[in-house]
Amino acid sequence: MRSPVDYRRIAHAMAAGPAAAGELYEAAALALTEIAAGRRTLRAVRHPLGFLCLPVEREADRGVCVHVFDDDARRAAPALTTSPVHAHSWDLASCVLYGEVGNVRALVREDAHDPTHRLYEVHSTAPAAVGAPAWNDTPAVDEIRPTTRLVRCTSDPQETSTAGEVYRLAAGQFHATVVPDGTRAATLLLGRTRPGGADLTVGPVHGTTHRVVRQTCDAATTARTARTVLRRIHGHHGG
818 MRSPVDYRRI AHAMAAGPAA AGELYEAAAL ALTEIAAGRR TLRAVRHPLG
868 FLCLPVEREA DRGVCVHVFD DDARRAAPAL TTSPVHAHSW DLASCVLYGE
918 VGNVRALVRE DAHDPTHRLY EVHSTAPAAV GAPAWNDTPA VDEIRPTTRL
968 VRCTSDPQET STAGEVYRLA AGQFHATVVP DGTRAATLLL GRTRPGGADL
1018 TVGPVHGTTH RVVRQTCDAA TTARTARTVL RRIHGHHGG
């Protein structure tokens, strides 16, 4: 079954700025309504960075998903084995549906003499790219491999986006997403993979290759999550 979400329409609305926020809420609500009603077979996935991912649409190098941040998602997430600082192999544009989402951009530079971290490549089972790691009940596996690149990592001040705002991160931009404990947020995310890129994360200097399993939720949990996000969207935007 095809998704009601159209990648090109969402990309155009995100480029249009706050005036097109209503169109993005509508696109998210349409997809969430289908998920809540069980008319789509996708499953939510628990991400190690502490959110639930609803992989709404995936087509070649492009993807659309909804990310849900709350205390339940954080508690049930797989253990984070590196650090929150990471860089995608895909360009990201994300509209905050409700709540607030912070991003801390990081400066990562080579430093073999006095490193604070090592870079790791994250190799995920398909289709983990663009935030959509599972379309069925098979869990996605991230193999996290240390590279030879020793680095020093420093951070810029946090940038916070609120409901209706769109933030963008280019492929290769290191950052950490911040949603404080006790708060709720959700985003409609659009991604497009850049050829030749790699998903990277910053981790301990002496770490080793290891695997992290992204847990796939069952149909009932997926539908319940979609209903919760819909209710919060409607509550925030007055129906």
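Counting the sequence shown from 1 gives a position; the working numbering is that position plus 817. Idealized CB from N, CA, C, for every residue including glycine.
Cβ-Cβ distance between residue i and residue j below 8 Å
i, j, result
"A957", "V883", "no"
"R1044", "F886", "no"
"P1021", "L967", "no"
"V1019", "V918", "no"
"P1058", "V1029", "A query on residue 1058 cannot be resolved here, the shown segment of the chain reaching from 818 to 1056 and no further."
"L871", "T1042", "yes"
"R969", "D928", "yes"
"A828", "E840", "no"
"V921", "S978", "no"
"V822", "C912", "no"
Enclosing alpha helix (DSSP H) for residue i [first to last residue]
i, result
"R808", "A query on residue 808 cannot be resolved here, the shown segment of the chain reaching from 818 to 1056 and no further."
"H829", "Y824 to A833"
Residue i in three-state terms, based on DSSP
i, result
"G919", "strand"
"G1024", "coil"
"A946", "Residue placement at A946 is poorly supported in this model, since its pLDDT is 36, which falls under 50; the coordinates still yield a value, given next. Correct three-state label for A946: helix."
"E840", "helix"
"R1011", "coil"
"R1001", "coil"
"T1018", "strand"
"W952", "Confidence in W952 is poor, its pLDDT being 40 and thus under 50, which makes the residue's placement unreliable; the coordinate value appears in the next sentence. Three-state result, W952: coil."
"E982", "coil"
Status (buried if at least 16 other CB within 10 Å, exposed otherwise) for residue i
i, result
"T1026", "exposed"
"A945", "Unreliable placement is indicated for A945, whose pLDDT of 41 sits below 50; no coordinate value is reported for it."
"A1017", "According to the sequence as given, residue 1017 is Leu; it is not Ala. Buried is the call here."
"R863", "buried"
"G916", "buried"
"E874", "buried"
"G999", "exposed"
"T1039", "buried"
"D908", "buried"
"A846", "buried"
"V1046", "buried"
"H903", "buried"
Residue range of the beta strand (DSSP E) that includes residue i
i, result
"D959", "A957 to T979"
"A993", "H992 to V995"
"E938", "H934 to S941"
Beta carbon proximity, residue i to chain D, threshold 8 Å
i, result
"T1039", "Checking the listed chains, one finds no chain D in this structure; it contains a single protein chain."
**Those runs of the alpha helix (DSSP H) which lie wholly inside the region 845-915 and span at least 4 residues** = Those alpha helix (DSSP H) runs which fall completely within the region 845-915 and span 4+ residues are 888-893.
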